[in-house]
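Residue numbers (mature numbering (1 follows the signal peptide of the UniProt record, and there is no 0)): -27 to -1, 1 to 315.
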């Protein structure tokens, strides 16, 4: 895994050189897709030392769009360095981004370039996955509003620039994609806490064909505990949104009813898009507890990040919001009664 992380970082450096001079009018090349199988399943013999306590952590990046406006803004890279420095001591096994990585595109794609560079320390220290937000698509123009005169329900699926700066080669645990060459809908695998995990990242307000594909992926992996990350899911108040934003294909409530609640191995949903931070628990049709976390913030001055500590033996999950730029940490939130697939 470590070798694949380093290889992915090297691939990005090559990509940065290859994309220099691209403009929005230029044809954006489709990134080559190289997906290697990720070993999973029980390990013979004694547990590795870091799995002996069956406890591990994940990091969750909120909407980072306002951190990418200038190359001189240190917040995004500082967060990456801060997490990388704590990867071993906190046993962070995976990182998620809830999307809106950038704010809008420009002729030289500078916000994407800033984000791609700033995330390198994180990528080199642990596998990760990202949702794609509306601001990461051709639906949003400079200034942050919907592009005038465009069919937003179509342009929201144009993620060619995002996929150029964040191609499949950047995701070390990637197992498969809905559409070849697009990271918008994909699944990733890792093992931590002596159990197997799958991270499923889904597009904003997914198309029904995507949800059908996701059902097939989850159904085919009943032995994996599933984490879903999608840009819009919880509202600022903590309810499951019933809105498709006016230009999406389905709503988060539709996603809950037609995917999230149906499978006993779905354990977590992470989202951003609105509000600040919320925690919600729901029950699936099989009685399984599902924990959903919102982390958005849209901060102009700081760089918050959520960490989640998962205890697979006790079924306890602890969550903190940290602010690396100030050293602040919010009060720990705890969820109990989780049961994990072994």
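A virtual CB, placed ideally from N, CA and C, is assigned to each residue, including glycine.
With DSSP collapsed to three states, give me the class of residue 53. One-based indexing of the chain shown puts residue 53 at position 80. In the structure shown, residue 53 sits in a helix (DSSP, three-state: H, G or I).
Exposed or buried, which one is residue 185 when buried takes at least 16 other CB atoms within 10 Å? In the chain shown, the residue the question calls residue 185 occupies position 212. Counting Cβ neighbours within 10 Å, residue 185 comes out exposed, since fewer than 16 surround it.
Hey, which unbroken runs of the beta strand (DSSP E) at 3 residues or more fall wholly within the stretch 49 to 97? If you keep only unbroken beta strand (DSSP E) runs of at least 3 residues inside the stretch 49 to 97, you get 65 to 70.
Taking Cβ positions only, does residue 312 come closer than 9 Å to chain B? Protein chains in the displayed structure number just one, and chain B is not present.
Note the first and the last residue of the continuous alpha helix (DSSP H) segment covering residue 228. If you number the chain shown from 1, residue 228 lands on position 255. Looking at the DSSP string, the run of the alpha helix (DSSP H) that includes residue 228 is 225 to 231.
Quick one: any contact between the stretch 50 to 57 and the stretch 300 to 312, if contact means 3 or more CB pairs under 8 Å? As far as the Cβ criterion goes, the stretch 50 to 57 does not touch the stretch 300 to 312, which means the pair count is below three.
Across which residues does DSSP place residue 168 in a beta bridge pair? Along the chain shown, read from residue 1 onward, the residue named residue 168 stands at position 195. DSSP, once it has assigned bridges, lists 165 as partnering residue 168.
On the criterion of 16 or more Cβ atoms from any shown chain inside 10 Å, does residue 277 qualify as buried, or is it exposed? One-based indexing of the chain shown puts residue 277 at position 304. Residue 277 should be labelled buried.
Cβ shell of residue 13 (< 7 Å), same chain only, five flanking positions each side left out: Your numbering for residue 13 matches position 40 in the chain shown. For residue 13, the predicted model reports a pLDDT of 36, less than 50, meaning its position is unreliable and no value from the coordinates is stated.
In terms of residue numbering, what span does the alpha helix (DSSP H) encompassing residue 127 cover? One-based indexing of the chain shown puts residue 127 at position 154. Run containing residue 127: 125 to 128, per the alpha helix (DSSP H) assignment.
Kindly indicate the opening and closing residues of the alpha helix (DSSP H) around residue 201. In the chain shown, the residue the question calls residue 201 occupies position 228. No alpha helix (DSSP H) holds residue 201; the beta strand (DSSP E) holding it covers 198 to 203.
Buried/exposed call for residue 195, threshold 16 Cβ in 10 Å: Numbered from 1 along the chain shown, position 222 holds the residue referred to as residue 195. Exposed, because fewer than 16 other Cβ atoms sit within 10 Å of the Cβ of residue 195.
Please confirm whether residue 68 and residue 99 have their CB atoms less than 9 Å apart. For the purposes of this step, residue 68 is identified with residue 95 of the chain shown, where counting begins at 1. For the purposes of this step, residue 99 is identified with residue 126 of the chain shown, where counting begins at 1. Contact: yes.
Quick check: what's the CA-CA separation for residue 88 versus residue 132? The residue you call residue 88 lines up with position 115 of the chain shown. The residue you call residue 132 lines up with position 159 of the chain shown. About 15 Å.
Straight-line Cα distance separating residue 313 from residue 233: Translated into positions along the chain shown, residue 233 becomes position 260. Translated into positions along the chain shown, residue 313 becomes position 340. Their Cα atoms are separated by approximately 16 Å.
Using C-beta distances below 6 Å, list every residue in its chain close to residue 295, excluding the 5 sequence neighbours before and after it, in chain order. As a working note, residue 295 is residue 322 in the chain shown. Excluding residues within five positions, the ones whose Cβ falls inside 6 Å are 278 and 302.
Quick one: grab the DSSP three-state call for residue 185. For the purposes of this step, residue 185 is taken as residue 212 along the chain shown, with counting starting at 1. DSSP places residue 185 in helix when its eight states are reduced to three.
Could you work out which residue in 38, 64, 42 and 105 is closest to residue 25 when comparing CA atoms only? The residue labelled residue 25 in the question sits at position 52 within the chain shown. Residue 64 is the option with its Cα nearest to residue 25.
So, residue 167 versus residue 39, is the Cβ gap smaller than 9 Å? Position 194 of the chain shown, counted from the start, is the residue given in the question as residue 167. Position 66 of the chain shown, counted from the start, is the residue given in the question as residue 39. Not closer than 9 Å, so no.
Would you list, in sequence order, the uninterrupted beta strand (DSSP E) runs of no fewer than 3 residues that lie entirely inside the stretch 216 to 280? Fully enclosed beta strand (DSSP E) runs of no fewer than 3 residues occupy 239 to 244, 250 to 256 and 262 to 268 of the stretch 216 to 280, in order along the chain.
In the DSSP assignment, what are the bridge partners of residue 149? Locating residue 149 in the chain shown gives position 176, where the first residue counts as 1. According to DSSP, which records beta bridges pairwise, residue 149 is partnered with 160.
Take residue 83 and list the residues in its own chain whose beta-carbon comes closer than 6 Å to its own, dropping the five residues that flank it on each side. To locate residue 83, count along the chain shown from 1; it is residue 110. No residues qualify anywhere along the chain.
Who pairs with residue 306 in a beta bridge, going by DSSP? Taking the chain shown and counting its residues from 1, one reaches residue 306 at position 333. In the DSSP output, where bridge partners are listed per residue, residue 306 has 292.
What did DSSP end up calling residue 29 once you bin it into helix, strand or coil? Here the question's residue 29 lines up with position 56 in the chain shown. The answer is strand: DSSP assigns residue 29 an E or B state.
Can you tell me which of 235, 97 and 113 puts its alpha carbon nearest to the alpha carbon of residue 199? Position 226 of the chain shown, counted from the first residue, corresponds to residue 199. Among 235, 97 and 113, the Cα nearest to that of residue 199 is on 235.
CB contact flag (residue 129, residue 78, <9 Å): Along the chain shown, one-based indexing puts residue 129 at 156. Along the chain shown, one-based indexing puts residue 78 at 105. No.
Where does the unbroken alpha helix (DSSP H) through residue 137 begin, and where does it stop? The sequence position of residue 137 within the chain shown is 164, counting from 1. Following the DSSP letters along the chain, one finds residue 137 inside the alpha helix (DSSP H) bounded by residues 133 to 138.
Where does the unbroken beta strand (DSSP E) through residue 209 begin, and where does it stop? Locating residue 209 in the chain shown gives position 236, counting from the first residue. Neither: residue 209 is in no beta strand (DSSP E) and is coded neither H nor E.
Determine the burial state of residue 74: buried for a count of at least 16 other Cβ atoms within 10 Å of its Cβ, exposed for fewer. Within the chain shown, the letter at position 101 stands for residue 74. By the neighbour-count rule (16 or more Cβ atoms within 10 Å), residue 74 is buried.
Just to check my reading of the structure: residue 177 and residue 221 have Cβ atoms closer than 8 Å, yes? What is that Cβ distance to the nearest angstrom? Looking up residue 177 in the chain shown gives position 204. Looking up residue 221 in the chain shown gives position 248. Confirmed, Cβ separation roughly 6 Å.
Alpha carbon to alpha carbon, how far is residue 283 from residue 30? Give it in angstroms, no decimals. Mapped onto the chain shown, residue 30 falls at position 57. Mapped onto the chain shown, residue 283 falls at position 310. Roughly 6 Å separates the two Cα atoms.
Cβ-Cβ distance between residue 141 and residue 125 below 9 Å: As a position in the chain shown, residue 141 is number 168, starting the count at 1. As a position in the chain shown, residue 125 is number 152, starting the count at 1. Cβ atoms of residue 141 and residue 125: not closer than 9 Å.
Distance CB(residue 288)-CB(residue 305) smaller than 9 Å: Residue numbering aside, residue 288 sits at position 315 when the chain shown is read from its first letter. Residue numbering aside, residue 305 sits at position 332 when the chain shown is read from its first letter. With a cutoff of 9 Å on beta-carbon distance, residue 288 and residue 305 are scored as not near each other.
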